[in-house]
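Written below as structure tokens is the structure these notes are about.
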Amino acid sequence: MQISDAILYNKGSNAVLITAPHSTAHRRPSYSGSLRPAELWTDNIALELGERSGAHTLVVNDQLDFDPNYHAVADNLFKQRVQEIVESEKIKYIFDLHGLSEIYPYDFGYYFSRRFYKSKRIAYGLAQSINQNLLRQAVAQVLCFNENLQESIGQFAVKNLGTVAVQLEIARYIREDELLRQNFVTGMEQYLLTL
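Quick note, the sequence shown lines up with residues 6 to 200 if you use this note's numbering.
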């Protein structure tokens with residue numbers, strides 16, 4: 006279902022929501038006002054995981070003038086839709102997919118809120134499920150969210166909605182390579198089916 010011209014929601018059949026808020030160019034407050042580049046393939050991964058696992062999906066499919074993972078809910082249609090979906094569909098778990106910057110020396114970053122221990126447990130379980138087969142040598146970091154002015158989808162979900170949330174950042178080479186991407190999707194799907 007099209008929520009707006011830029012946001013696509015696919016209804017699922019379980020209590021999981023997968024988001025891809027940076028799959029297109031977006032604008033974050035900066036001195037230059039420049040667009041931040043799209044995190045390619047995150048929308049495709051989210052939609053495929055939704056189809057295979059029964060999860061709800063919420064993805065950006067057109068350029069936005071705001072950053073869904075940065076701006077506060079009052080000025081953020083994406084976070085407003087997350088809240089509506091969590092409340093109407095009784096969502097218990099949110100997995101927020103992102104592209105990992107190439108400056109980091111690892112392949113996967115799993116971020117959780119230190120306020121919610123269950124999110125940490127889910128992040129570690131997900132990392133174990135994904136780091137198998139062709140991705141068994143991938144380097145994964147499980148980290149707490151930074152406590153700064155930014156309020157990510159995961160931080161918003163934990164703080165305002167009481168939902169377990171993990172932000173998962175995926176290296177570009179994994180997102181771009183079809184075989185590695187499929188290994189990732191299979192590992193994550195297997196984990197989602199245990200929830």
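Virtual Cβ for every residue (Gly too), placed ideally from N, Cα, C.
Problem - Rounded distance between the beta-carbons of residue 134 and residue 193, thought under 8 Å - result: Residue 193 to residue 134, Cβ: 7 Å. Contact.
Exercise for the section: Enumerate in chain order the residues of its own chain whose CB-to-CB distance from residue 117 is below 6 Å, with the five nearest sequence positions on each side excluded. Expected result: 124, 125, 128, 171
Exercise for the section: Measure how close the beta-carbons of residue 68 and residue 29 come, nearest whole angstrom, since I'm counting them as under 8 Å. Expected result: 5 Å
Practice task
Rounded to whole angstroms, what's the CA-CA distance from residue 187 to residue 92? Just pull it up for me.
Solution key: 31 Å
Exercise for the section: Taking 8 Å as the cut-off, decide whether the C-beta atoms of residue 55 and residue 62 are in contact. Expected result: yes
Exercise for the section: Could you check which residue in 19, 114, 115, 26 has the C-alpha nearest to that of residue 76? Expected result: 26
Handout entry: residue 162, buried or exposed, once every other Cβ within 10 Å from all chains shown has been counted against 16
Key = buried
Practice task
Take residue 97 and list the residues in its own chain whose beta-carbon comes closer than 8 Å to its own, dropping the five residues that flank it on each side.
Solution key: 20, 21, 168, 169, 200
Practice task
Starting from residue 176, follow its DSSP beta bridges and name the residues at the other end.
Solution key: According to DSSP, which records beta bridges pairwise, residue 176 is partnered with 105.
Exercise for the section: Sort out for me which residues DSSP pairs residue 83 with in a bridge. Expected result: BP columns for residue 83 are empty, so no partner.
Exercise for the section: Taking only the alpha-carbon atoms, compute the straight-line gap between residue 121 and residue 183 and give it to the nearest angstrom. Expected result: 34 Å
Handout entry: Between the CA atoms of residue 87 and residue 143 - distance to the nearest angstrom
Key = 30 Å
Practice task
Could you have a look at residue 163 and say whether DSSP puts it in helix, strand or coil?
Solution key: helix
Problem - Residues bridged to residue 146 (per DSSP) - result: 114
Exercise for the section: Please report how far the alpha carbon of residue 3 lies from the alpha carbon of residue 71, in whole angstroms. Expected result: This structure gives no information on residue 3, because the portion of the chain shown stretches from 6 to 200.
Exercise for the section: Write down the C-beta distance between residue 185 and residue 179 rounded to the nearest angstrom, noting that I regard them as a contact closer than 8 Å. Expected result: 5 Å
Problem - Pairwise C-alpha distance: residue 74 and residue 84 - result: 8 Å
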